[in-house]
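Protein chains in written order, with our numbering: chain A, 77 to 463; chain B, 4 to 141.
Data first, discussion second: the structure below is written as structure tokens.
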Amino acid sequence: METLKDKTAIVGVGHTEYSRDSGRSEMTLAAEAICNAVADAGLKPSDIDGIAKYSMDNNDHVHLAANLGIRSLRFFADAPWGGGGGPVGSVLLGAMAVATGMANCVVAFRAMNERSGRGTNRFGLAVVRQGAPGARGYVEPYGLFSPAQAVALSARRHMHLYGTKSEHFGAIAVTCRTHAQTNPNAVMRGRPLTIEDHQSSRMIADPLRLHDCCLETDGGAAVIITSAERARDLRHKPVYIMAGAFGATDRNTQTMVKFLEHPQSESSVVAQELFGRAGVAHKDIDVCFIYDHFTPLVLMAFEELGFCKRGEGGPFVSDGRLLWPSGSLPFNTSGGNLSEGYIHGMQNTIEAVRQLRGEAINQVEDAQIALVASGNAVPTTAMILHR
Amino acid sequence: MAETPNFPSPIPDFDAKEFWDGCNRGELLMQRCAACGKFRWLPQPMCPFCNSLKREWVKVSGRGKVYSYTIVTHPVHPAAVSRVPYNVAQVRLDEDPSLILVTNLVEIGNEDIRIDMPVQVVFEEHEAGVKLPKFKPL
């Protein structure tokens, strides 16, 4: 069977500044981030002939093509499920389009004013409406609105079943914040965090504390995908897409609130295929990027992706292995959604590319292979990259 | 006088009307496949085990156990401001382990909530004509 393996590469990455209020439109952010990524690749915006975006992104393919001067747009696609489909799924859609000859050069991007609310409602606030439709009708009447509140239910259950502690969640927050301290793009640079700070931070939805929740940010981030052959003639050493996988289960209707009920999860479905397709094992991963919306779901992502068994995530994330430079599995080395900025995970994809090019700020020595996983506990995607 | 804001009421969809009608009558109805007899939640038209579209609504005991819970302290909705701290819980019904409902626990202090404590359904009026299943300690 034909596979995607090494047929395509990421050749350009770009972003805007990450802020609490960009002061400009979401289309401006998208266009800026994409132009930065194109320039990084040594290409022109009009070289793009495919656009893969998050389905939640407000910027329309055609309006974006009009801004970028793309006269012949040959591929357009949406990756659904927000942080689950977005940061990797959009890249994989682009890779599949290139590998099948549907397009030559695809941009995958995310641009939003999620913090300032200029165009996008803050995810951490309820949408105020008269009634709660469909599946929302089983939760909103009880006062459950935000992802943090839903995740709190699964986090409590994990604590109950496996003895997981708030300090285990805190270890993830501290790791990301520590990595952000050297990153000039990071929103949380200059604001270090200790485990004691985490433990004394205010409760949002018990057991989730403030520092268990990701940032909310304005900004744009984009990556350019083209064929491996063409990639070798461009500015940077190509970062090859070794393998990718999509995963969902048949019980997604309330997945964030009853995550642990099923032997299969979205991330475990992904893991079943991903490593085999890439031809690598967990121990081969030099640096990993796990979508960090909420610390308990990061902990559980390591379990579901097979880095440890379900229930062992607490000790796994707390023994120092995730911390650069001393740890054996450095994670979210630019600070992630928790501390760099929340561009819906696309900044993690950019940082993975920088690591494999050898130009990251917190550079993992001789990084050859990176894993990038989108959001856990929603229909999700992941990929393995190598240089 | 300004009305106190309330959490939104459910808008029953076509496949779940019986559930909400049952609540408004004070009966907790769960959907069960009329072909293979397996329960399912949330309500949906097709049985995921045998793909039958035949379904029935079964009145259950309303007894269950607390599966998990959170105490919300950070309000994200206007109606939450005057209500925090409030609990949101999940209750697993005795009839089938797959039946896990999101709800509120009533007649109990937040600090006394424990996983696995037995509870019983009660129906609380949410707004005129709309009742919600909530649970109290047994």
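Glycine included, C-beta positions come from ideal geometry on N, C-alpha and C.
The model shown is predicted, which means the values in this text are computed figures rather than measured ones.
For residue i, go through chain B and note every residue whose CB falls closer than 7 Å to its CB, in chain order.
| i | result |
| --- | --- |
| A/Met279 | Thr76 |
| A/Pro217 | Phe10, Pro11, Ser12, Pro13, His129, Leu135 |
| A/Val333 | Gln93, Val105 |
| A/Glu416 | What A/Glu416 touches in chain B: nothing, since even the nearest Cβ is about 23 Å away. |
| A/Asp288 | The premise fails here: A/Asp288 is roughly 12 Å from chain B at the closest Cβ pair, so nothing lies under 7 Å. |
Pull up the DSSP beta-bridge partners for residue i, would you.
| i | result |
| --- | --- |
| A/Met188 | A/Gly295 |
| A/Ala208 | B/Pro13 |
| B/Asn27 | According to DSSP, B/Asn27 bridges with nothing at all. |
| A/Gly323 | A/Thr456 |
| B/Arg66 | B/Gln123 |
| A/Lys129 | A/Asp154, A/Phe185 |
| A/Gly90 | A/Ala298 |
| B/Asn90 | B/Ile74 |
| B/Lys139 | B/Gln123 |
| A/Ile445 | A/His462 |
| A/Ile366 | A/Ala449 |
| B/Gln34 | B/Arg43, B/Trp60 |
| B/Ile103 | B/Arg95 |
| A/Cys289 | A/Phe370 |
| A/Thr84 | A/Ser303 |
| A/Val203 | Per DSSP, none; premise fails for A/Val203. |
| A/Leu284 | A/Ala281 |
| B/Lys134 | B/Glu128 |
Determine the chain B residues that contact residue i at a beta-carbon separation under 9 Å, and present them in chain order.
| i | result |
| --- | --- |
| A/Ala208 | Phe10, Pro11, Ser12, Pro13, Ile14 |
| A/Leu229 | Tyr70, Ser71, Tyr72, Thr73, Val91, Ala92, Gln93, Val105 |
| A/Arg233 | Tyr70, Ser71, Gln93, Ile118 |
| A/Gly213 | Pro11, Ser12, Pro13, Ile14, Pro15, Asp16, Ala19, Trp23 |
| A/Arg205 | Pro11 |
| A/Asp360 | Per Cβ cutoff of 9 Å: no residues; A/Asp360 is ~36 Å from chain B at best. |
If residue i sits next to residue j, beta carbons under 8 Å apart, how far is it from one beta carbon to the other, in whole angstroms?
| i | j | result |
| --- | --- | --- |
| A/Thr84 | A/Ala321 | Between A/Ala321 and A/Thr84 the Cβ distance is about 15 Å, and since that is not below 8 Å, they are no contact. |
| B/Asn27 | B/Gly132 | 7 Å |
| B/Val124 | B/Pro136 | 5 Å |
| A/Leu168 | A/Tyr316 | Not really, about 13 Å apart at Cβ, beyond 8 Å. |
| A/Arg433 | A/Gly118 | Contact flag wrong, Cβ pair sits at about 13 Å. |
| A/Thr293 | A/Ile419 | 6 Å |
| A/Ala128 | A/Val182 | 6 Å |
| A/Phe378 | A/Phe365 | The pair is not a contact, with the Cβ atoms about 12 Å apart (cut-off 8 Å). |
| A/Gln431 | A/Ala446 | 6 Å |
| A/Gly90 | A/Asp125 | Contact flag wrong, Cβ pair sits at about 18 Å. |
| A/Thr425 | A/Glu342 | Their Cβ separation, rounded to whole angstroms, is 18 Å, which puts A/Thr425 and A/Glu342 out of contact at 8 Å. |
| B/Phe138 | B/Gly29 | Their Cβ separation, rounded to whole angstroms, is 14 Å, which puts B/Phe138 and B/Gly29 out of contact at 8 Å. |
| A/Phe245 | A/Asp273 | That belief does not hold up - the Cβ atoms of A/Phe245 and A/Asp273 are roughly 13 Å apart, past 8 Å. |
Of the choices the options, whose alpha-carbon is the least far from that of residue i?
| i | options | result |
| --- | --- | --- |
| B/Glu2 | B/Arg35, B/Glu114, B/Glu110 | No answer is possible for residue 2 of chain B: the residues shown for chain B start at 4 and end at 141. |
| A/Arg186 | A/Tyr218, A/Gly421, A/Ser277 | A/Gly421 |
| B/Ser71 | A/Gly162, A/Met178, A/Val227 | A/Val227 |
| A/Glu93 | A/Glu190, A/Asp326, A/Ile280, A/Val263 | A/Val263 |
| A/Val448 | A/Ile437, A/Ser131, A/Leu405 | A/Leu405 |
| A/Ser230 | A/Ile248, A/Phe335, A/Ala347, A/Asp326 | A/Phe335 |
| B/Asp119 | B/Pro15, B/Ile111, B/Trp60, B/Gln93 | B/Gln93 |
| A/Val215 | B/Glu110, B/Asn90, B/Val61 | B/Asn90 |
| B/Glu114 | B/Leu56, B/Thr73, B/Asn54, B/Val105 | B/Thr73 |
| A/Met318 | A/Arg463, A/Arg306, A/Pro121 | A/Arg463 |
| A/Val87 | A/Ala202, A/Thr104, A/Met77, A/Asp123 | A/Asp123 |
| A/Leu373 | A/Ile271, A/Ile300, A/Pro283, A/Met132 | A/Pro283 |
| A/Ser344 | A/Val333, A/Asp326, A/Gly355 | A/Asp326 |
| A/Asn134 | A/Asp125, A/Lys120, A/Ala106, A/Arg150 | A/Ala106 |
| A/Gly195 | A/Asn413, A/Ser101, A/Pro314 | A/Ser101 |
| A/Asn197 | A/Ser222, A/Asp273, A/Ala347 | A/Ser222 |
| A/Cys290 | A/Phe199, A/Gly296, A/Met188 | A/Phe199 |
| A/Asn261 | A/Thr409, A/Lys385, A/Ala354 | A/Thr409 |
| A/Gly99 | A/Gly296, A/Ile301, A/Ala175, A/Met172 | A/Gly296 |
| B/Lys20 | B/Val63, B/Pro11, B/Gln47, B/Arg95 | B/Gln47 |
| B/Pro13 | A/Gln206, A/Lys81, A/Val299, A/Leu398 | A/Gln206 |
| A/Ile271 | A/Thr258, A/Ile248, A/Ser450 | A/Ile248 |
| B/Ala37 | B/Leu56, B/Leu31, B/Leu104 | B/Leu56 |
| A/Leu80 | A/His137, A/Gly170, A/Ser402 | A/Gly170 |
| A/Met172 | A/Gln225, A/His137, A/Glu190, A/Thr302 | A/Thr302 |
| A/Gly177 | A/Ser166, A/Leu269, A/Arg306 | A/Arg306 |
I want to verify the contact list: residues of chain B whose CB lies under 8 Å from the CB of residue i, in sequence order.
| i | result |
| --- | --- |
| A/Gln444 | In chain order: nothing, as chain B lies at least about 41 Å away. |
| A/Lys241 | The contacting residues do not exist; A/Lys241 stays about 15 Å from chain B at best. |
| A/Gln225 | Thr73, Val75, Val79, Val91 |
| A/His236 | Ser71, Ile118 |
| A/Asp326 | Pro51 |
Which residues in chain A have a C-beta closer than 9 Å to the C-beta of residue i? List them in chain order.
| i | result |
| --- | --- |
| B/Ala83 | Ala202, Gly219, Phe221 |
Could you name the residues of chain A that residue i contacts, counting a contact when the two beta carbons are closer than 8 Å?
| i | result |
| --- | --- |
| B/Asn107 | Tyr218, Gly219 |
| B/Arg66 | Those within 8 Å of B/Arg66 in chain A number zero; the least Cβ separation is about 19 Å. |
> According to a CB-to-CB cut-off of less than 8 Å, which residues of the region 50 to 63 of chain B neighbour chain A?
Replying inline: Pro51
> Mind listing which residues of the region 26 to 46 of chain B have their C-beta closer than 8 Å to chain A's C-betas, in chain order?
Replying inline: Leu45
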